Every structure is written in C-alpha cells, then in structure tokens.
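Participant:
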Amino acid sequence: MKESKNKLNLKFDLASGLVVFFVALPLCLGISLASTSYEATGSIEAFGGVVMPGLIAGIIGGIVVGTFSGSRFGVSGPAAGLITIVTAAIIEFGGFGNGGFEKFVLAVMLGGVIQLLFGIIKGGLVAYYIPFSVIKGMLAGIGITIFLKELPHFFGYDKDPEGDLAFDQADGHNTFSEIGYALENVHVGATIVALISIAILIIWGLKFIKKNKTLSLIPGPLLAIIVSVLVALGLAGTAYVIEGEHLVDVPTPKSLDEFKGMLYFPDFSAIGDLAVWRVALVIAVVASIESLLCVEATDKMDPDKGRTPMNRELRAQGIGNIVSGLLGGLPITQVIVRSTANMNSGAKSKWSAVIHGVFLLGFVIAIPGVLNMIPRATLAAILLLIGWKLASPKSMIQMWKSGWQQFVPFVVVIIVMHVPGGDLLIGVGAGIAVAFIIILVKNLQMSFFVNGKGHDDGKIHLTLSQHTTFLNKASIMKRLDSIEDGSQVVVDLSNTISIDYDVSEAILDFEKSAEDREITVEIIEREKLIKFHPG
Numbered sequence: 007m008k009e010s011k012n013k014l015n016l017k018f019d020l021a022s023g024l025v026v027f028f029v030a031l032p033l034c035l036g037i038s039l040a041s042t043s044y045e046a047t048g049s050i051e052a053f054g055g056v057v058m059p060g061l062i063a064g065i066i067g068g069i070v071v072g073t074f075s076g077s078r079f080g081v082s083g084p085a086a087g088l089i090t091i092v093t094a095a096i097i098e099f100g101g102f103g104n105g106g107f108e109k110f111v112l113a114v115m116l117g118g119v120i121q122l123l124f125g126i127i128k129g130g131l132v133a134y135y136i137p138f139s140v141i142k143g144m145l146a147g148i149g150i151t152i153f154l155k156e157l158p159h160f161f162g163y164d165k166d167p168e169g170d171l172a173f174d175q176a177d178g179h180n181t182f183s184e185i186g187y188a189l190e191n192v193h194v195g196a197t198i199v200a201l202i203s204i205a206i207l208i209i210w211g212l213k214f215i216k217k218n219k220t221l222s223l224i225p226g227p228l229l230a231i232i233v234s235v236l237v238a239l240g241l242a243g244t245a246y247v248i249e250g251e252h253l254v255d256v257p258t259p260k261s262l263d264e265f266k267g268m269l270y271f272p273d274f275s276a277i278g279d280l281a282v283w284r285v286a287l288v289i290a291v292v293a294s295i296e297s298l299l300c301v302e303a304t305d306k307m308d309p310d311k312g313r314t315p316m317n318r319e320l321r322a323q324g325i326g327n328i329v330s331g332l333l334g335g336l337p338i339t340q341v342i343v344r345s346t347a348n349m350n351s352g353a354k355s356k357w358s359a360v361i362h363g364v365f366l367l368g369f370v371i372a373i374p375g376v377l378n379m380i381p382r383a384t385l386a387a388i389l390l391l392i393g394w395k396l397a398s399p400k401s402m403i404q405m406w407k408s409g410w411q412q413f414v415p416f417v418v419v420i421i422v423m424h425v426p427g428g429d430l431l432i433g434v435g436a437g438i439a440v441a442f443i444i445i446l447v448k449n450l451q452m453s454f455f456v457n458g459k460g461h462d463d464g465k466i467h468l469t470l471s472q473h474t475t476f477l478n479k480a481s482i483m484k485r486l487d488s489i490e491d492g493s494q495v496v497v498d499l500s501n502t503i504s505i506d507y508d509v510s511e512a513i514l515d516f517e518k519s520a521e522d523r524e525i526t527v528e529i530i531e532r533e534k535l536i537k538f539h540p541g
C-alpha cells in the first residue's frame with residue numbers, strides 16, 4: 007500500500023519538479039546576473055555578469071537542501087533578497103579577476119557553518135513569533151513585486167535580469183519606470199507568445215481539464231513552453247522574430263576546460279580575514295530569517311496544515327550553503343515564488359524540490375541548447391500568474407474583513423516593500439514593528455478591569471492584571487482621576503504578581519488625595535504595594 011502511494015506521489019512530484027525547474031531557471035539566471043553584473047560590481051572581468059554561480063545555487067538548493075529539509079513544499083535556491091549583500095561583498099573583496107568572488111564564496115561556506123550552528127542551538131524558534139498578518143503581507147508583497155517585474159518581460163522588454171526584485175534596478179530604471187519603457191517598446195512577437203502562454207495556463211487551471219484523466223497529466227507550464235518554442239520557431243524570418251535577449255541564455259561550454267573556466271572556488275587563504283567572517287555572519291542571519299519567513303508562509307498555504315521542523319530547516323540550509331560555497335555558488339535560502347509554484351503544481355512530497363534540482367543539473371550539463379530556445383516571455387507569463395495568485399484580490403478582501411489590527415500590519419509590509427530602498431526584510435520588519443505597537447496598545451487597554459462579575463455592591467472595583475508596568479500608568483491614572491467624588495473604590499491586587507514602582511506610587515497618591523474628595527479606598531492585598539514601593 008505504501009509502495010503504491012509512493013509511486014502515485016512520484017508521478018505528481020515529477021510533474022511539479024519539472025514546472026518548478028522552468029520557474030527556477032530564469033530566476034537563477036537573473037539573480038546571478040543581477041548579483042555579478044558590471045553595474046553591480048564595477049568589475050570589467052564580470053561585464054555582463056556570470057550565471058554559473060546562480061545555477062549552482064539552484065542545483066544545490068534543490069538536491070542538497072531538498073534532501074535534508076523537512077519542508078513538504080519548500081524549494082530553495084538563490085534569493086533576490088541577498089543581491090545587495092552579494093554585490094557589496096564582491097566589491098569590498100576586490101571584484102572579479104582580483105580574487106573578490108573567491109573570497110565571497112568562502113564567506114558563503116562559512117555562513118553555512120554558522121547556519122548549521124543556529125539549527126543545532128534551536129534558533130528556529132524565532133519563526134513562531136512572526137504575526138500571521140505580516141506573513142500574509144509578505145506573500146502579497148512578493149506577489150505584487152513579481153507581477154510588476156514580469157510585465158516588461160511579458161511585453162518583450164528584457165533589459166533587466168529576471169530575478170532583480172529591487173525597486174532600483176540593475177539597468178538604471180525602477181519598478182514603475184521599467185513598465186513605462188516596456189509599453190513604449192513592445193515586442194510584438196514576444197507579446198504574442200506571452201498571450202498564448204497565459205491563455206494556456208488559465209485554461210489548464212479550469213476544472214474540466216483537472217477532471218480529464220489524460221489532459222490533467224500534462225503540466226500547463228510545460229505545454230505553454232512547448233507551444234511558445236514552436237511559435238517562436240514559426241516567427242523566425244519575420245518582422246516579429248524572437249531572438250537574442252528575448253530567449254533564455256544558458257551557457258553552452260564547448261569543452262570541459264571551458265566549463266571549468268566558468269567555476270569559482272573558495273580562497274581558503276582568506277579564512278583569517280575578519281571581513282570575510284563579518285560577511286559570513288550577515289549571510290547566515292539574513293538567509294536564516296528569509297528561510298524561516300518562507301517556511302512559515304509555505305506552511306500557512308499548506309492545504310493539510312503541515313508543520314515544518316524549523317531547526318531542521320536551518321540545518322538543511324546551512325548544509326546547502328556550505329556545499330554551494332565550496333562549489334562557487336551564491337547564497338541559498340528557501341524562496342516563496344518557487345515554493346508556491348511547487349505547491350500549485352500538485353507536489354505531494356519534498357522530493358519534488360529534489361527533482362527540480364536534478365532537472366536543473368541535467369539540462370544545464372547535458373542539453374543547455376534546448377533551454378536556449380525558450381522565449382523569456384512565456385516564463386514571464388508563468389511568473390505573472392504566480393504573482394497574481396500570491397496577491398489575489400480575494401486575499402486582500404479577507405485581510406480587510408479580519409479587522410484593522412490584522413489589516414494595518416498587512417498593508418504596511420506591502421507598502422514598505424515597494425518604496426525606494428525597501429525590500430522583503432525591511433517590509434517584514436516594519437510590519438512586525440506595527441503589529442507589536444498594536445499589541446502593546448491593546449495590552450495597555452487591558453491593564454485593569456472595572457467591576458467584573460459578582461460585584462453588585464455599588465462599589466467601583468479596579469482589578470489589576472498579573473503584570474502591571476509603567477506603561478500601564480497612564481490608563482490607570484486616567485481611570486482613577488475620572489472617579490466621582492464620594493465614591494467607594496476597591497483596588498484589587500489579588501491576581502497581581504508584579505507592579506512597577508510608578509504604578510504603585512500612583513495608587514498610593516490617589517489614596518492620599520481621596521480623603522479630600524470624600525472617596526473611600528480599600529486596597530486588597532495592600533502588602534504588594536508596599537513590597538514594590540518600599541519608600
């Protein structure tokens with residue numbers, strides 16, 4: 007029975023792994039180009055950027071991290087959120103051709119060691135303190151970013167690398183100005199391919215396709231890619247020809263030596279360099295936070311509500327970065343776009359992530375020329391639909407209906423992610439800060455209770471909460487000041503464990519002034535006030 011189920015799962019995981027491969031490929035290429043381009047690093051040797059470090063990270067993220075991870079749907083690889091860290095470090099270490107990248111991949115490897123230690127000391131606990139509203143905001147924010155970034159590629163304007171998710175782009179434009187340039191420079195052939203692709207993807211998502219035993223076996227993205235290649239071949243020799251920058255560009259080495267020349271390995275002589283260790287620590291912290299955020303988000307979307315072991319995930323990410331650094335790859339994190347594509351494609355187990363890594367390795371080494379026939383516009387169509395699903399109007403309405411305490415942090419994350427200088431981590435940080443302030447305000451409002459159940463004696467009963475801090479002083483004093491002259495007041499400390507000096511002083515001051523206002527004050531367990539107000 008179990009063997010039969012595994013075979014059934016493998017069928018779904020193979021199809022899903024193939025789809026994720028097609029989603030991951032342009033992102034691995036684009037993130038690598040954005041991280042290592044001339045504009046990013048100022049290195050003449052890296053003019054135009056190199057793609058092999060991103061592909062290595064994608065392969066390792068799939069095969070190695072996927073094997074050790076406990077995440078059912080999570081897919082790991084190079085992350086757009088680390089582009090700034092990568093470029094800054096390469097520049098600091100001297101750039102390509104001057105040993106800068108060799109020092110950087112050493113930092114990646116050491117960052118993996120630190121991540122592994124994070125997992126061993128159970129640092130994954132941090133993920134459980136991230137509010138749900140912030141996670142939803144992060145998903146919607148990434149969805150909007152992907153949608154806006156893929157629109158230019160959809161219309162055949164391919165000046166910026168795919169995977170460059172920053173507001174200020176590597177091509178000198180920004181997220182919104184790029185769309186304007188794209189609309190002024192529409193490539194008709196690429197747009198035709200994109201429209202056909204998105205039509206196929208939408209049709210393949212309909213119920214009658216899913217219920218058809220034969221058609222449901224064909225992944226929609228795979229069909230869209232096959233059709234787009236045929237259309238592109240059909241447009242050859244016309245005014246709408248799709249070629250050059252409008253096609254996927256995977257390196258095609260003609261010999262083993264040429265292939266080796268594309269690889270970079272760590273410079274272990276720099277292991278005593280404090281700057282390398284500083285970059286390693288930054289990579290470990292940022293990559294760990296991004297991975298934990300993604301894991302939490304993926305678990306929220308899991309239809310079976312599975313829970314990923316967070317510490318195991320940190321250890322898996324650490325092992326992945328150790329291997330990626332040793333082989334000259336970029337830093338790895340779990341990434342939400344690939345994970346969402348994995349889930350939406352019907353994956354049943356974590357092996358779909360491993361399979362996507364195997365596809366990356368096989369195609370890049372054996373038949374890279376086949377990949378170079380794929381129009382970037384069709385990959386943009388696939389990513390565009392993923393972005394739409396992550397930031398669907400339905401999810402926005404659900405957050406609005408959940409109340410302002412949930413909606414405000416949700417919106418803050420989205421806004422901060424899309425302003426100049428903003429990114430995923432800054433947006434999440436802003437959302438957590440706003441959520442914390444809301445929680446703090448609510449706690450201040452609940453610092454005491456007035457006349458709870460069982461108090462019908464005509465007296466005003468103020469029951470203080472278990473822990474009353476100086477932050478509660480203002481609300482307590484405001485309530486005490488509002489008590490009418492001649493009232494009878496009972497201040498109940500029976501449930502209170504600790505009271506700050508400021509609050510106890512405020513209550514004692516009220517008691518002293520009450521006589522002039524003909525207010526009778528009774529303090530239950532008065533000794534607690536004395537304990538915390540020895541003066």
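Under the numbering used here, the first residue of the sequence shown is numbered 7, with each subsequent residue one higher.
Quick reminder that beta carbons are idealized off the backbone N, C-alpha and C, glycines included.
Quick caveat: nothing in here was measured; it's all calculated off a predicted structure.
I believe V81 touches L336 by the beta-carbon criterion, under 8 Å. Please report the beta-carbon distance rounded to the nearest angstrom.
Facilitator: Numbered from 1 along the sequence shown, position 75 holds the residue referred to as residue 81. Numbered from 1 along the sequence shown, position 330 holds the residue referred to as residue 336. No, V81 and L336 are not in contact; Cβ-Cβ is about 15 Å, not under 8 Å.
Participant: Tell me which residues share the same chain as S500 and place their Cβ nearer than 7 Å to its Cβ, disregarding the 5 neighbours each side in the sequence.
Facilitator: Taking the sequence shown and counting its residues from 1, one reaches residue 500 at position 494. Result list for S500: I530 and E531, in chain order.
Participant: For F110 and A95, which I take to be in contact (beta-carbon distance under 8 Å), what is that distance rounded to the nearest angstrom?
Facilitator: The count along the sequence shown starts at 1 and reaches residue 110 at position 104. The count along the sequence shown starts at 1 and reaches residue 95 at position 89. Between A95 and F110 the Cβ distance is about 5 Å, and since that is below 8 Å, they are a contact.
Participant: How long is the line joining the alpha carbons of F53 and S139, rounded to whole angstroms?
Facilitator: The sequence position of residue 53 within the sequence shown is 47, counting from 1. The sequence position of residue 139 within the sequence shown is 133, counting from 1. Here F53 scores only 41 on pLDDT, less than 50, and its place in the model should not be relied on; the value that follows carries that caveat. Whole-angstrom Cα-Cα distance: 42 Å.
Participant: Work out the CA separation of V419 and E51 for me, nearest whole Å.
Facilitator: Position 45 of the sequence shown holds residue 51. Position 413 of the sequence shown holds residue 419. Here E51 scores only 46 on pLDDT, less than 50, and its place in the model should not be relied on; the value that follows carries that caveat. In a straight line, the C-alpha of E51 is about 38 Å away from that of V419.
Participant: Taking the Cβ atom as the reference point for each residue, do H252 and D164 lie within a distance shorter than 7 Å?
Facilitator: Residue 252 sits at position 246 when you count from the first residue of the sequence shown. Residue 164 sits at position 158 when you count from the first residue of the sequence shown. Their beta carbons are under 7 Å apart, which means H252 touches D164 by this criterion.
Participant: Give a single yes or no on whether I388 has its beta carbon closer than 6 Å to a heavy atom of the ligand FMN.
Facilitator: The ligand FMN is not part of the structure shown, which contains no ligands of any sort.
Participant: Helix, strand or coil: which one does DSSP assign to Q323?
Facilitator: By one-based count along the sequence shown, residue 323 stands at place 317. Of the three classes helix, strand and coil, the one that applies to Q323 here is helix, per DSSP.
Participant: From the DSSP secondary-structure annotation, give me the bridge partner or partners of L253.
Facilitator: The residue given as residue 253 occupies position 247 in the sequence shown. P381.
Participant: Mind checking T346: buried by the 16 CB within 10 Å criterion, or exposed?
Facilitator: By 1-based counting over the sequence shown, the position of residue 346 is 340. So T346 ends up on the buried side.
Participant: In whole angstroms, give me the CA-to-CA distance for L221 and V422.
Facilitator: Within the sequence shown, the letter at position 215 stands for residue 221. Within the sequence shown, the letter at position 416 stands for residue 422. Roughly 42 Å separates the two Cα atoms.
Participant: Compare the beta carbon distance of R321 and G125 with 7 Å and say whether it is the shorter of the two.
Facilitator: In the sequence shown, the residue the question calls residue 321 occupies position 315. In the sequence shown, the residue the question calls residue 125 occupies position 119. Yes, they are a contact pair.
Participant: Whole angstroms is fine: what's the gap from G178's alpha carbon to V194's?
Facilitator: Along the sequence shown, read from residue 1 onward, the residue named residue 178 stands at position 172. Along the sequence shown, read from residue 1 onward, the residue named residue 194 stands at position 188. Distance between the alpha carbons of G178 and V194: 24 Å.
Participant: Do you know how far the Cα of I37 is from the Cα of H159?
Facilitator: Indexing the sequence shown from 1 puts residue 159 at position 153. Indexing the sequence shown from 1 puts residue 37 at position 31. Cα to Cα, the separation comes out at about 15 Å.
Participant: Alpha carbon to alpha carbon, what distance is there between N15 and K354?
Facilitator: Here residue 354 corresponds to residue number 348 of the sequence shown, with the count starting at 1. Here residue 15 corresponds to residue number 9 of the sequence shown, with the count starting at 1. Their Cα atoms are separated by approximately 6 Å.
Participant: Exposed or buried, A372, counting other C-beta atoms within 10 Å across all chains shown (16 or more means buried)?
Facilitator: As a first step, residue 372 must be located in the sequence shown, where it is residue number 366. Per the 10 Å Cβ criterion, exposed.
Participant: Mind checking F516: buried by the 16 CB within 10 Å criterion, or exposed?
Facilitator: As a working mapping, residue 516 is identified with position 510 in the sequence shown. The residue is buried, with at least 16 neighbouring Cβ atoms inside 10 Å.
Participant: Near I438, which residues of its chain fall below 6 Å by C-beta distance, leaving aside the five closest residues on each side in sequence?
Facilitator: Working through the sequence shown from its first residue, we reach residue 438 at position 432. Cβ neighbours of I438 beyond the five flanking positions: V140.
Participant: Roughly how many angstroms separate the alpha carbons of S234 and S203, rounded to a whole number?
Facilitator: The residue labelled residue 234 in the question sits at position 228 within the sequence shown. The residue labelled residue 203 in the question sits at position 197 within the sequence shown. Spanning the two alpha carbons is a distance of roughly 7 Å.
Participant: Alpha carbon to alpha carbon, what distance is there between D263 and I325?
Facilitator: For the purposes of this step, residue 325 is taken as residue 319 along the sequence shown, with counting starting at 1. For the purposes of this step, residue 263 is taken as residue 257 along the sequence shown, with counting starting at 1. Answer to the nearest angstrom: the Cα atoms are 28 Å apart.
Participant: Put Q472 into one of helix, strand or coil per three-state DSSP.
Facilitator: For this step, residue 472 is matched to residue 466 along the sequence shown. Note: Q472 maps to coil in three-state DSSP.
Participant: Name the two residues that bound the continuous beta strand (DSSP E) containing Q494.
Facilitator: Your numbering for residue 494 matches position 488 in the sequence shown. Q494 -> beta strand (DSSP E) spans Q494 to D498.
Participant: Could you compute how far the alpha carbon of S261 sits from the alpha carbon of A441?
Facilitator: For this step, residue 261 is matched to residue 255 along the sequence shown. For this step, residue 441 is matched to residue 435 along the sequence shown. The alpha-carbon atoms of S261 and A441 are separated by roughly 56 Å.
Participant: Could you spell out where the alpha helix (DSSP H) holding S345 opens and where it closes?
Facilitator: Indexing the sequence shown from 1 puts residue 345 at position 339. That run of the alpha helix (DSSP H) goes I342 to N350.
Participant: Give a yes or no on contact between the stretch 240-257 and the stretch 390-398, applying the rule of three or more CB pairs nearer than 8 Å.
Facilitator: Contact between the stretch 240-257 and the stretch 390-398 is absent, because fewer than three Cβ pairs lie under 8 Å.
Participant: Mark H362 as exposed unless 16 or more other C-beta atoms lie within 10 angstroms of its C-beta, in which case mark it buried.
Facilitator: Numbered from its first residue, the sequence shown carries residue 362 at position 356. When all chains shown are included, H362 counts as buried.
Participant: Is the beta carbon of G117 closer than 7 Å to that of P84?
Facilitator: Here residue 84 corresponds to residue number 78 of the sequence shown, with the count starting at 1. Here residue 117 corresponds to residue number 111 of the sequence shown, with the count starting at 1. Against a cut-off of 7 Å, the Cβ pair of G117 and P84 comes out as no contact.
Participant: In whole angstroms, what separates the C-alpha of D273 from that of I403?
Facilitator: Working through the sequence shown from its first residue, we reach residue 273 at position 267. Working through the sequence shown from its first residue, we reach residue 403 at position 397. Their backbone Cα atoms lie some 52 Å apart in a straight line.
Participant: Let me know if T304 comes out buried or exposed under the rule of 16 or more other beta-carbons within 10 Å of its beta-carbon.
Facilitator: Within the sequence shown, numbered from 1, the residue matching residue 304 stands at position 298. Flag for T304 reads buried.
Participant: Compute the Euclidean distance between the alpha carbons of G103 and D255, then round it to the nearest angstrom.
Facilitator: As a position in the sequence shown, residue 103 is number 97, starting the count at 1. As a position in the sequence shown, residue 255 is number 249, starting the count at 1. When rounded, the distance between both Cα atoms is 23 Å.
Participant: Kindly indicate which three-state DSSP category I579 falls into: helix, strand or coil?
Facilitator: Outside the shown range of the chain (7 to 541) lies residue 579, about which nothing can therefore be said.
Participant: Output the boundary residues of the alpha helix (DSSP H) element that contains S510.
Facilitator: Start at 1 with the first residue of the sequence shown, and residue 510 comes out as number 504. First-last of the alpha helix (DSSP H) with S510: Y507 to A520.
Participant: Please report how far the alpha carbon of P381 lies from the alpha carbon of L88, in whole angstroms.
Facilitator: Against the sequence shown, residue 381 aligns to sequence position 375. Against the sequence shown, residue 88 aligns to sequence position 82. Going by the C-alpha atoms only, they are around 27 Å apart.
Participant: Which parts of the stretch 56-107 are runs of the alpha helix (DSSP H), unbroken and 4 residues or longer, counting only runs that do not cross its ends?
Facilitator: Listed in chain order, they are 58-66 and 89-98.
Participant: Tell me the rounded alpha-carbon separation between L470 and Q411.
Facilitator: Here residue 470 refers to the residue found at position 464 when the sequence shown is read from its first residue. Here residue 411 refers to the residue found at position 405 when the sequence shown is read from its first residue. Distance between the alpha carbons of L470 and Q411 is about 24 Å.
Participant: What separation, rounded to the nearest whole angstrom, lies between the Cα atoms of G143 and V434?
Facilitator: Here residue 143 refers to the residue found at position 137 of the sequence shown. Here residue 434 refers to the residue found at position 428 of the sequence shown. Taking the straight line from one Cα to the other gives about 8 Å.
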